[in-house]
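I have placed the structure first, in the form of structure tokens, so that the comments after it can refer back to it.
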Amino acid sequence: MEECNESEQVSDHFICAVCLDILYKPIVLVCGHVTCFWCCHHSMDMRGQSHCPLCRHPYRHFPAICQMLDTFLNKMYPISYDRRKTQTLEDERQGSVGFATDIDSVVTGEELDNLLINPSTEEKKSVDGSSAGNCQQVTVADMLCSACKQLLFRPVALNCGHVYCEACISVPEDKVIKCQVCECNHPSGFPKVSKQLDYFLEEHFSSEYAHRKSSMQQTQNGNSLTSSSAAADAEASKFPYPTEENFLQWWTAHGSKFHPGFGCDRCGMCPIIGERYRCKDCKEKSGYDLCGDCHKTGSKLPGRVAMKHLYENLLYT
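Oh and the sequence shown: position 249 is 249 in the numbering used here, straight run, nothing missing.
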């Protein structure tokens with residue numbers, strides 16, 4: 001256990017392996033590893049293929065914040081999480097980490113100063129021992145699969161941030177996985193199980209998890225899952241990226257559609273390959289615009305960063 005506050009001990013499962021602090025604004029990579037939003041962003045290669053900072057597994061899309069895990073951590077460790085929130089907001093305001101991660105996180109200087117000067121109610125209470133975050137605050141209802149609505153078993157997260165049981169992910173005929181909640185495509189192949197979250201579920205909800213494991217073993221068709229996973233991985237591997245061996249050939253074919261330094265605010269493709277649309281009225285310089293596919297869908301879902309893109313203001317680049 002890693003102690004992050006006098007009154008809270010954060011499980012090692014929820015310590016970011018990059019910053020060695022409690023996960024804040026967690027994102028789940030396609031390999032299953034979980035990091036803070038900023039820890040992942042700072043490790044990315046905006047001019048080529050990025051790799052997981054833990055296992056070096058390649059990925060091409062920057063995942064959205066996992067809201068379920070974000071809410072869970074805030075509920076489980078309110079004091080430590082509030083400390084990270086205050087620290088990150090201050091870093092964002094000063095520009096030491098970059099832009100804000102979402103519109104809700106943008107606060108005025110006066111509001112942030114009040115946060116820094118006046119500790120949160122939870123933190124004040126913890127000093128005299130009358131209140132503290134603990135595991136008892138978390139229930140099965142906080143950790144449900146987006147599809148079957150039961151306790152997550154072998155959890156996987158899609159690029160959009162929604163979490164499912166591994167067996168609840170369906171691969172359609174076109175081999176492109178689509179989220180059942182927000183209907184966003186998952187472009188990164190079949191996601192790997194998040195071991196960090198899986199270990200916690202098995203430890204904290206031992207009886208419920210054992211029941212889920214038993215029922216899944218009776219109903220799951222392992223061959224079907226394996227073949228579906230392979231099909232989704234094969235479809236994702238078709239996405240073109242240059243290598244040292246084929247760079248000149250690749251550049252001849254794709255160079256004019258390659259936008260190093262610019263990612264897609266909706267699907268997280270980094271860098272954008274293909275059509276790129278930038279907002280003519282955006283004052284923020286975050287390096288995130290829209291790719292051609294996301295521009296065509298006209299989705300109103302929130303993006304990766306606190307951009308205020310208006311579709312009528314987007315220009316083809």
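Glycine included, every Cβ here is placed at the ideal spot set by N, Cα and C.
Under 8 Å, do H61 and M269 count as touching if we go by C-beta distance? Locating residue 61 in the sequence shown gives position 61, where the first residue counts as 1. Locating residue 269 in the sequence shown gives position 269, where the first residue counts as 1. For H61 and M269, yes; Cβs fall inside 8 Å.
Look up T35 in the DSSP assignment and give the residues it is bridged to. Walking along the sequence shown from the start, residue 35 turns up at place 35. Partner(s): I27.
Look at C148 and C179 and say whether their C-beta atoms are less than 8 Å apart. Taking the first residue of the sequence shown as 1, we reach residue 148 at position 148. Taking the first residue of the sequence shown as 1, we reach residue 179 at position 179. The answer is no: Cβ separation not under 8 Å.
What is the residue span of the alpha helix (DSSP H) that Q9 lies within? Taking the sequence shown and counting its residues from 1, one reaches residue 9 at position 9. Not the alpha helix (DSSP H): Q9 falls in the beta strand (DSSP E), residues E8 to V10.
Closest Cα partner of R212 within the set K192, A167 and V176: Within the sequence shown, residue 212 is the residue found at index 212, counting from 1. Of the candidates K192, A167 and V176, the one whose C-alpha sits nearest the C-alpha of R212 is A167.
For a test of the three-state rule: what should DSSP assign to K178, helix, strand or coil? Residue numbering aside, residue 178 sits at position 178 when the sequence shown is read from its first letter. Under the three-state reduction of DSSP output, K178 falls in the strand class.
Which ranges does the beta strand (DSSP E) cover as unbroken runs of at least 3 residues, wholly within the stretch 32-91, from first to last along the chain? Counting whole runs of 3 or more residues, the stretch 32-91 contains the beta strand (DSSP E) stretches 34-36.
C-beta contact flag for K296 and I273 at 8 Å: Along the sequence shown, one-based indexing puts residue 296 at 296. Along the sequence shown, one-based indexing puts residue 273 at 273. No, the Cβ-Cβ distance between K296 and I273 is not below 8 Å.
Could you tell me the alpha carbon to alpha carbon distance between G92 and Q218, rounded to whole angstroms? Counted from its first residue, the sequence shown places residue 92 at position 92. Counted from its first residue, the sequence shown places residue 218 at position 218. First, the amino acid is wrong: residue 92 is Glu here, not Gly. A direct Cα-to-Cα measurement between E92 and Q218 gives close to 49 Å.
Three CB pairs or more closer than 8 Å across the stretch 14-32 and the stretch 81-88: Yes, the stretch 14-32 touches the stretch 81-88.
Less than 8 Å separating the beta-carbons of L151 and F205? For this step, residue 151 is matched to residue 151 along the sequence shown. For this step, residue 205 is matched to residue 205 along the sequence shown. Against a cut-off of 8 Å, the Cβ pair of F205 and L151 comes out as a contact.
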